[in-house]
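In our numbering, the protein residues as written are 139 to 230.
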């Protein structure tokens, strides 16, 4: 989606015609759920483009958050904050 539909500055490019074509088909497909979804995407067009155009990946951050949550779940009810803190610092 990112490579075909939006540029780095959240503006549609020429290749956005695939998304526009799909939205056009979805508007007339006679399936109410798909039509409603397409209408919602059109209403929030700027937000959809902004969500698809980050300049960098959040993968590293998401990975760290997932690791922290895993440690937190493993330590739940087993020890006090000091041990949890030590484990978190040792895994980094």
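Glycine included, C-beta positions come from ideal geometry on N, C-alpha and C. Owing to the predicted nature of the structure, the values given are computational and were not obtained by experimental measurement.
Between residue 164 and residue 172, the CB-CB gap stays under 7 Å. The beta carbons of residue 176 and residue 161 sit closer together than 7 Å. CA-CA distance, residue 208 to residue 225, rounds to 11 Å.
Collapsing the DSSP output to three states places residue 162 in a helix. Taking every protein chain shown into account, the CB of residue 227 has fewer than 16 other CB atoms within 10 angstroms, so this residue is exposed. Taken atom to atom, the span from the alpha-carbon of residue 229 to that of residue 169 is near 50 Å.
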